[in-house]
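Engineer: Residue numbers (this note's numbering), protein chains in the order written: chain A, 580 to 749; chain B, 2 to 262.
Take this structure first; my questions come after.
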């Protein structure tokens, strides 16, 4: 059991990072990670010791996160590109370093599925096969979510996603 | 997945942007991108997005991990009680209700003749029972530690549905150990626990009230446990500890000065 707990501990920094990116709130994120660890410990008999423990933990985290979202019915509505108001001022030129806040704002506007998929690949560095397993979808579905996430991010950033709705990441 | 020219697929482009392609397949993508500058720009934008997301959140993985996320600690606590979310808290609350009932009954039997305690609000009895119960704990005196004070205060404020602050008693030698949420007669209560250098502990018990009354310090005592209690326009306060009446009075004055309206 102690080895198992040590292996979980190794994964906690990455789980925190992913949870923080998903929720953009340090406390909510850590609550999510704590619930994830509790559930993993309770379900350890389901962990067969093969494959990636990290992937298994991420899957548990996402399940809890998605249940919480459903429970709170706080899905961010997908705002169509045309409806969004554009901040006055010139959009960033290609080649310019994009402001981080613009990326964060744009990310928060993605549909949940796309955001979850993109963060697994872009920040957590999972392979496409691993990410698909974590999300419990075929790899083709992962690739299409990834593709749409990236295309949407591009449009949102080019149009200047409104930054006034941004909460700072603590 | 669309088939681009050159046998380069959409998936290849993503994999290239994510640094997952090597060798011959990477070379083929590079060739393709050289011939399609608009695609090259798109891939470049994806990479910029990746960098931005890493810059936004990467630091979190480098932070020291809070104690409450230590799997060993979580496993140990799970052993101490049921593992379902919320059930552990309910069990602790049930214990307190029992303790309050038992302790209050015992106190009432003993102290009917002593005006301060007999006239005491039920809240003070609960505050004293909560003190006796939790101040004796070695491993779990508090639920959220003083190291996470901002989180603790935010949590309790949300539960009591009004701003809650932990007073600073360092000038009197008492350090905040942390706090917990408890049930009281008419709603939730916040309990903050403090400890001095010699291991003496005092607890501050707060509940909300809607009467808009206020009342000056009153003193209550049972065996070795003393309490000063008062109310301001929104909140009932009880400061409890097995410390001298004088010392507790000084601490209560400090709490009053910092918190009361």
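The beta carbon of each residue, even a glycine, is placed where N, CA and C say it ideally should be.
Taking the DSSP output, what are the residues bridged to residue 705 of chain A?
Structural biologist: Here residue 705 of chain A is not bridged, per DSSP, to any residue.
Engineer: Using Cβ-Cβ distances below 7 Å, what residues of the stretch 220 to 242 of chain B are close to chain A?
Structural biologist: none
Engineer: Quick check on DSSP: helix, strand or coil for residue 261 of chain B?
Structural biologist: Residue state, collapsed to three classes: coil.
Engineer: Kindly provide the ranges of any beta strand (DSSP E) runs that are 3 or more residues long and lie completely inside the stretch 195 to 258 of chain B, ordered along the chain.
Structural biologist: 202 to 209, 216 to 223, 226 to 232 and 236 to 242
Engineer: Let me check understanding here. Comparing Cα to Cα, which of B:247, B:233 and B:242 lies closest to residue 261 of chain B?
Structural biologist: Considering only B:247, B:233 and B:242, the residue with the shortest C-alpha distance to residue 261 of chain B is B:233.
Engineer: Rounding to the nearest angstrom, what Cα-Cα distance links residue 84 of chain B and residue 737 of chain A in this structure?
Structural biologist: Bear in mind that the predicted position of residue 84 of chain B carries a pLDDT of just 41, short of 50, making it unreliable; the figure below should be weighed with that in mind. C-alpha separation (whole angstroms): 47 Å.
Engineer: Counting contacts by CB-CB distance shorter than 8 Å, is residue 602 of chain A in contact with chain B?
Structural biologist: Taking a beta-carbon distance threshold of 8 Å, residue 602 of chain A does not count as an interface residue toward chain B.
Engineer: Could you tell me the alpha carbon to alpha carbon distance between residue 236 of chain B and residue 599 of chain A, rounded to whole angstroms?
Structural biologist: 34 Å
Engineer: Does any residue of chain A bring its CB to less than 8 Å from the CB of residue 58 of chain B?
Structural biologist: yes
Engineer: Compare the C-beta of residue 15 of chain B with all C-beta atoms of chain D and state if any pair is closer than 8 Å.
Structural biologist: You won't find chain D in this structure, because its protein chains are A and B.
Engineer: Compile a chain-ordered list of the residues in the stretch 137 to 168 of chain B whose CB is closer than 9 Å to at least one CB of chain A.
Structural biologist: 149, 151, 152, 155 and 156
Engineer: Do residue 42 of chain B and residue 732 of chain A have their CB atoms nearer than 8 Å?
Structural biologist: no
Engineer: Go to residue 184 of chain B, then tell me how far its beta strand (DSSP E) extends in each direction, as first and last residue.
Structural biologist: 176 to 185
Engineer: Buried or exposed, going by whether 16 or more other CB atoms sit within 10 Å of the CB of residue 253 of chain B?
Structural biologist: buried
Engineer: So is residue 139 of chain B buried or exposed if we call it buried at 16+ other beta carbons inside 10 Å?
Structural biologist: exposed
Engineer: If you pair each beta-carbon of the stretch 620 to 628 of chain A with each one of the stretch 686 to 703 of chain A, do three or more pairs fall below 8 Å?
Structural biologist: no
Engineer: Check the Cβ of residue 724 of chain A against every Cβ in chain B and list those closer than 9 Å, keeping chain order.
Structural biologist: The contacting residues do not exist; residue 724 of chain A stays about 11 Å from chain B at best.
Engineer: Compare the Cα-Cα distances from residue 255 of chain B to each of B:48, B:168, B:44 and B:31 and report the closest residue.
Structural biologist: B:168
Engineer: Along chain B, in chain order, which residues have C-beta atoms closer than 7 Å to that of residue 647 of chain A?
Structural biologist: Within chain B, no residue comes near residue 647 of chain A; the closest Cβ sits about 11 Å away, beyond 7 Å.
Engineer: Are the C-beta of residue 688 of chain A and some C-beta of chain B separated by less than 8 Å?
Structural biologist: no
Engineer: Cβ closer than 8 Å: which chain A residues qualify as neighbours of residue 191 of chain B?
Structural biologist: By Cβ distance, chain A contributes nothing, its closest Cβ being about 17 Å from residue 191 of chain B, past 8 Å.
Engineer: Alpha carbon to alpha carbon, how far is residue 583 of chain A from residue 29 of chain B? Give it in angstroms, no decimals.
Structural biologist: Rounded to whole angstroms, residue 29 of chain B to residue 583 of chain A spans 43 Å at the Cα level.
Engineer: Could you tell me the alpha carbon to alpha carbon distance between residue 61 of chain B and residue 70 of chain B, rounded to whole angstroms?
Structural biologist: Answer to the nearest angstrom: the Cα atoms are 14 Å apart.
Engineer: Reducing DSSP to helix, strand and coil, say where residue 191 of chain B ends up.
Structural biologist: strand
Engineer: Using a Cβ-Cβ distance under 8 Å, would residue 720 of chain A count as near chain B?
Structural biologist: no
Engineer: According to the neighbour-count rule (16 or more other Cβ atoms, all chains shown, within 10 Å of its Cβ), is residue 202 of chain B buried or exposed?
Structural biologist: buried
Engineer: In this structure, how does DSSP classify residue 147 of chain B when only helix, strand and coil are distinguished?
Structural biologist: Here residue 147 of chain B sits in helix by DSSP.
Engineer: Give me the residue from B:225, B:74 and B:241 with the minimum Cα distance to residue 231 of chain B.
Structural biologist: B:241
Engineer: Using a Cβ cut-off of 9 Å, pull out every chain B residue sitting near residue 709 of chain A, in sequence order please.
Structural biologist: Near residue 709 of chain A there are no residues of chain B at all, since even the closest Cβ is about 11 Å away, more than 9 Å.
Engineer: Between which residues of its own chain and residue 590 of chain A is the CB-CB distance below 7 Å, once the five residues before and five after are set aside?
Structural biologist: 632, 633 and 636
Engineer: To the nearest angstrom, how far is it from the Cα of residue 208 of chain B to the Cα of residue 132 of chain B?
Structural biologist: 15 Å
Engineer: Should residue 684 of chain A be flagged as near chain B, meaning a C-beta pair shorter than 8 Å?
Structural biologist: No, its Cβ sits nowhere closer than 8 Å to a Cβ of chain B.
Engineer: Could you name the residues of chain B that residue 592 of chain A contacts, counting a contact when the two beta carbons are closer than 9 Å?
Structural biologist: Within 9 Å Cβ-Cβ: 61, 62, 63, 64 and 66.
Engineer: Let me confirm a value: residue 735 of chain A is counted as buried when at least 16 other C-beta atoms fall within 10 Å, else exposed. Which label applies?
Structural biologist: buried
Engineer: How should residue 646 of chain A be labelled, buried or exposed, when 16 other C-beta atoms within 10 angstroms of its C-beta is the threshold for buried?
Structural biologist: exposed
Engineer: Using a Cβ cut-off of 8 Å (strictly closer), state whether residue 34 of chain B contacts chain A.
Structural biologist: False, the Cβ-Cβ gap to chain A never drops below 8 Å.
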